[in-house]
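*Asks:* Encoded as structure tokens, here's the structure I'll be asking about.
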Amino acid sequence: MAEALQSLWTELAADFHTCFIEKNRWKYLTSGLGNTLLITFFALLMGVVIGVVIAIVRSTYAKNYKEMKPGFGKKCLAVANWFGGVYLTVIRGTPVVVQLMIIYYCIFVSSNNGVLIGAVSFGINSGAYVAEIFRSGIMSIDNGQFEAGRSLGFNYVQTLRYIVLPQAFKNVLPSLANEFIVLLKETSVAGYVAVRDLTKGGDIIRGATYQTFMPLLAVAAIYLAMVMFFTHLVNILERRLRAGER
Amino acid sequence: MNDKILIHVEGLQKEFAGGEVKALQNIDADIHSGEVVVVIGPSGSGKSTFLRCLNLLEVPTAGSIYFNHVDITDKSVDINLHRRKMGMVFQHFNLFPHMTILGNMTLAPMKLLGKSKEEAEKKAMELLTRVGLADRAGAYPSQLSGGQKQRIAIVRALCMEPEVMLFDEPTSALDPEMVGEVLEVMKELAHEGMTMVVVTHEMGFAREVGDRVIFMADGMIVEEGTPEEIFSAPKQPRTKEFLAKVL
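First to last, the sequence lines map onto chains A and B. Under this note's numbering, read the first sequence as residues -13 to 232, first letter to last. Under this note's numbering, read the second sequence as residues 105 to 351, first letter to last.
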């Protein structure tokens, strides 16, 4: 019995050595993790920018379009709202891998910067989901808040900026954190277009060593650790934002 | 009260649901500088809609509203500039829950009037002291009682140094024991000469503080006059009927 355990242990240690130590293969994982985080970070940034803009357009249209005075502004809003609707339908209606490949093979044909293309692709994809999250956040704010802001003399945009969006942001923070975690894991398909992210790094080790268990388990463990870490950070942030309000 | 007309309303009409609901029909009214006008009437009479039209929270279907002799219903007029001089107090307070009391009161003066933080806070603290809430400056709205919230809402509007204050049923959402403290602040404000338009169900307040009472029903002004004229000797049957129910 002891001998069997001993030999299992030796075997595992040898596998570990082959997978990560030999030829410095652990570097596939660390550089891959770096790329995964880079893609996720910039995709999130882009997604939030796109999402907030589209959410403002769509909620403004839903709340105010009927009562707006006819004119240039009203036409612009209608057009912007239409584009926003098309964007949401197309992005949410097609798989992210297909979007990634279209952007890599059809649009950024001359670029080899996989991380950049990944960030742009996932950013555009995430923007659609973030837009819906923020839209529901804005719509959930009581109309009295808009009226109070307007009655003090703030224009519509100022009212959004100082009064509505800070409250909406607080309300949607849990959903936004969830979207971030989904995004972090979703970037694992970046390997489709030859981006060396964390998942691809594990896969390269698998191919080189013919070991399946060890590299893939390591990849899974790293994702899990990151998700737990970020969830913890978001919980702290949420508590801070809520402080005093109760 | 002097004779300067601060707000002049002419042929004001408001329709909802594409003309199916006629909330206001041909309203003419003048609000003089320094005057306290109390608007009373049954629910659905259009009195809140009338008040909300005065600062264009509701956009009139037809008619004109002159504020300081400027037609604010004119499309080329920047309504935001005029709203700064028209304070408004809502039934449901509408304080900003994500800001402290002081934050609520200094936001607009700082962002819109370009006041420094110190200036804005000094003014806010003066007003808070006057309504007896200086010790709550750092609290959040959710930590206050309804009466306190409404008193804050009043002084938040006063921070912009408005020329007129519009009150939209300011005590209707309050527990009965908190109505008094809010009316007290409004009374003081009236005595200081603030121009006020008050939509309310508080007949005692209308009688005691109002310079003029407007009775509305079915989207029209049925009768107006001094509190004595309206409450002691109403002429219209509609007014009599309403007063018989509420007094």
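We treat Cβ as the ideally placed atom computed from N, Cα and C, and that holds for glycine.
For methionine -13 of chain A, count the other beta carbons within 10 Å of its own beta carbon; 16 or more makes it buried, fewer makes it exposed. Which is it?
*Replies:* On the first sequence, residue -13 of chain A is found 1 positions in, with the first residue counted as 1. Counting Cβ neighbours within 10 Å, methionine -13 of chain A comes out exposed, since fewer than 16 surround it.
*Asks:* For threonine 4 of chain A and threonine 16 of chain A, I'd like the C-alpha separation in whole angstroms.
*Replies:* Sequence index remark: in the first sequence, residue 4 of chain A carries index 18 (1-based). Sequence index remark: in the first sequence, residue 16 of chain A carries index 30 (1-based). Roughly 16 Å separates the two Cα atoms.
*Asks:* Would aspartate 134 of chain B count as contacting chain A if we go by Cβ distances under 8 Å?
*Replies:* In the second sequence, residue 134 of chain B corresponds to position 30, counting from 1. Cβ-Cβ to chain A under 8 Å: no for aspartate 134 of chain B.
*Asks:* Alpha carbon to alpha carbon, what distance is there between threonine 343 of chain B and alanine 337 of chain B?
*Replies:* Your numbering for residue 337 of chain B matches position 233 in the second sequence. Your numbering for residue 343 of chain B matches position 239 in the second sequence. The straight-line gap from Cα to Cα measures roughly 10 Å.
*Asks:* Considering only the beta carbon of each residue, do arginine 187 of chain B and arginine 136 of chain A sit closer than 8 Å?
*Replies:* Here residue 187 of chain B corresponds to residue number 83 of the second sequence, with the count starting at 1. Here residue 136 of chain A corresponds to residue number 150 of the first sequence, with the count starting at 1. Cβ atoms of arginine 187 of chain B and arginine 136 of chain A: closer than 8 Å.
*Asks:* Any idea which residues DSSP pairs glycine 191 of chain B with across the strands?
*Replies:* Position 87 of the second sequence, counted from the start, is the residue given in the question as residue 191 of chain B. For glycine 191 of chain B, which the question treats as bridged, DSSP gives the partners B/Met269.
*Asks:* What is the DSSP secondary structure of methionine 105 of chain B, counted as helix, strand or coil?
*Replies:* Locating residue 105 of chain B in the second sequence gives position 1, counting from the first residue. Interpretation of methionine 105 of chain B is limited by its pLDDT of 47, a score under 50 that renders its predicted location unreliable; the figure taken from the coordinates is listed afterwards. Coil.
*Asks:* Just the chain B side, please: which residues come within less than 7 Å of lysine 156 of chain A by C-beta, in chain order?
*Replies:* Along the first sequence, one-based indexing puts residue 156 of chain A at 170. By Cβ distance, chain B contributes His202.
*Asks:* Measure from the alpha carbon of valine 125 of chain B to the alpha carbon of each residue in B/Leu161, B/Ala277, B/Thr330, B/Thr165, then state which is nearest.
*Replies:* The residue given as residue 125 of chain B occupies position 21 in the second sequence. Nearest of B/Leu161, B/Ala277, B/Thr330, B/Thr165 to valine 125 of chain B, Cα basis: B/Thr165.
*Asks:* 8 Å is my cut-off, CB to CB: does histidine 295 of chain B come that close to chain A?
*Replies:* One-based indexing of the second sequence puts residue 295 of chain B at position 191. By this cut-off, histidine 295 of chain B is not an interface position.
*Asks:* So, with DSSP's three-state summary, where would you put asparagine 130 of chain B?
*Replies:* Along the second sequence, read from residue 1 onward, the residue named residue 130 of chain B stands at position 26. Asparagine 130 of chain B: strand per DSSP, three-state reduction.
*Asks:* Which residues in the same chain have their Cβ closer than 8 Å to the Cβ of methionine 105 of chain B, if we skip the five residues on either side of it in sequence?
*Replies:* Against the second sequence, residue 105 of chain B aligns to sequence position 1. Here methionine 105 of chain B scores only 47 on pLDDT, less than 50, and its place in the model should not be relied on; the value that follows carries that caveat. Result list for methionine 105 of chain B: His136, Ser137, Gly138, Glu139, Asp315, in chain order.
*Asks:* Kindly confirm or deny that the region 96 to 113 of chain A and the region 175 to 188 of chain A touch, where touching means at least three C-beta pairs closer than 8 Å.
*Replies:* Touching, yes, given that three or more Cβ pairs across the two stretches are closer than 8 Å.
*Asks:* Once you ignore the five residues that flank glycine 177 of chain A on each side, which residues in its own chain have a CB closer than 8 Å to its CB?
*Replies:* Position 191 of the first sequence, counted from the first residue, corresponds to residue 177 of chain A. So the qualifying residues of the chain are Asp183, Thr185, Lys186, Asp189.
*Asks:* Considering just the uninterrupted stretch of the alpha helix (DSSP H) at alanine 321 of chain B, what are its terminal residues?
*Replies:* As a working mapping, residue 321 of chain B is identified with position 217 in the second sequence. Element bounds for alanine 321 of chain B: not the alpha helix (DSSP H) but the beta strand (DSSP E), 316 to 321.
*Asks:* Using only alpha-carbon positions, find the residue among B/Phe120, B/Phe271, B/His295 that is nearest to histidine 305 of chain B.
*Replies:* The residue labelled residue 305 of chain B in the question sits at position 201 within the second sequence. Closest option to histidine 305 of chain B, Cα to Cα, is B/Phe271.
*Asks:* Are there 16 or more other CB atoms within 10 angstroms of the CB of methionine 233 of chain A, so buried, or fewer, so exposed?
*Replies:* No information on residue 233 of chain A is available, as it lies outside the stretch -13 to 232 that chain A covers here.
*Asks:* Which of the residues in the region 147 to 162 of chain B, read from start to end, lie with their CB under 8 Å from any CB of chain A?
*Replies:* Answer set for the region 147 to 162 of chain B: Asn159, Leu161.
*Asks:* So what does serine 45 of chain A bridge to, in DSSP terms?
*Replies:* Position 59 of the first sequence, counting from 1, holds the residue named residue 45 of chain A. None, per the DSSP bridge assignment.
*Asks:* Is there a Cβ of chain A sitting closer than 8 Å to that of methionine 105 of chain B, yes or no?
*Replies:* Counting from 1 along the second sequence, the entry for residue 105 of chain B is found at position 1. A caution first: methionine 105 of chain B carries a pLDDT of 47, below 50, which makes its placement in the model too unreliable to give a value.
*Asks:* Go through its chain and collect everything with a Cβ distance to alanine 66 of chain A's Cβ below 6 Å, but skip five positions before and after it.
*Replies:* The count along the first sequence starts at 1 and reaches residue 66 of chain A at position 80. Answer for alanine 66 of chain A: Val43, listed in chain order.
*Asks:* How big is the Cα-Cα spacing for alanine 64 of chain A and tyrosine 47 of chain A?
*Replies:* For the purposes of this step, residue 64 of chain A is taken as residue 78 along the first sequence, with counting starting at 1. For the purposes of this step, residue 47 of chain A is taken as residue 61 along the first sequence, with counting starting at 1. Taking the straight line from one Cα to the other gives about 7 Å.
*Asks:* Give the straight-line distance between the Cα atoms of leucine 128 of chain B and methionine 320 of chain B, rounded to the nearest whole angstrom.
*Replies:* For this step, residue 128 of chain B is matched to residue 24 along the second sequence. For this step, residue 320 of chain B is matched to residue 216 along the second sequence. Roughly 10 Å separates the two Cα atoms.
*Asks:* Just the Cα atoms here: how many angstroms apart are proline 213 of chain B and isoleucine 205 of chain B?
*Replies:* For this step, residue 213 of chain B is matched to residue 109 along the second sequence. For this step, residue 205 of chain B is matched to residue 101 along the second sequence. Cα to Cα, the separation comes out at about 14 Å.
*Asks:* Shorter than 8 Å from the beta carbon of arginine 136 of chain A to some beta carbon of chain B?
*Replies:* To locate residue 136 of chain A, count along the first sequence from 1; it is residue 150. Judged by the 8 Å Cβ criterion, arginine 136 of chain A is in contact with chain B.
*Asks:* Just reading off the alpha helix (DSSP H) that isoleucine 256 of chain B is part of, what are its end residues?
*Replies:* Within the second sequence, residue 256 of chain B is the residue found at index 152, counting from 1. Note, isoleucine 256 of chain B: alpha helix (DSSP H), 250 to 262.
*Asks:* In this structure, does DSSP put aspartate 175 of chain B in helix, strand or coil?
*Replies:* What you label residue 175 of chain B is simply residue 71 of the second sequence in a count that begins at 1. Correct three-state label for aspartate 175 of chain B: strand.
*Asks:* Measure the alpha-carbon distance for isoleucine 144 of chain B versus tyrosine 73 of chain A and round it to whole angstroms.
*Replies:* Here residue 144 of chain B is taken as the residue at index 40 of the second sequence, counted from 1. Here residue 73 of chain A is taken as the residue at index 87 of the first sequence, counted from 1. Spanning the two alpha carbons is a distance of roughly 50 Å.
*Asks:* Excluding the 5 residues flanking valine 302 of chain B on each side, which residues of the same chain have their C-beta closer than 6 Å to its C-beta?
*Replies:* As a working note, residue 302 of chain B is residue 198 in the second sequence. Here the set comprises Val142, Phe271.
*Asks:* Sort A/Trp(-5), A/Phe6, A/Ser(-7), A/Gly20 by Cα distance to methionine 212 of chain A and report the nearest one.
*Replies:* Counting from one through the first sequence, the residue named residue 212 of chain A turns up at place 226. Here the closest residue by C-alpha is A/Gly20.
*Asks:* Once DSSP output is grouped into helix, strand and coil, what is the label at alanine 243 of chain B?
*Replies:* Counting from 1 along the second sequence, the entry for residue 243 of chain B is found at position 139. Alanine 243 of chain B: coil per DSSP, three-state reduction.
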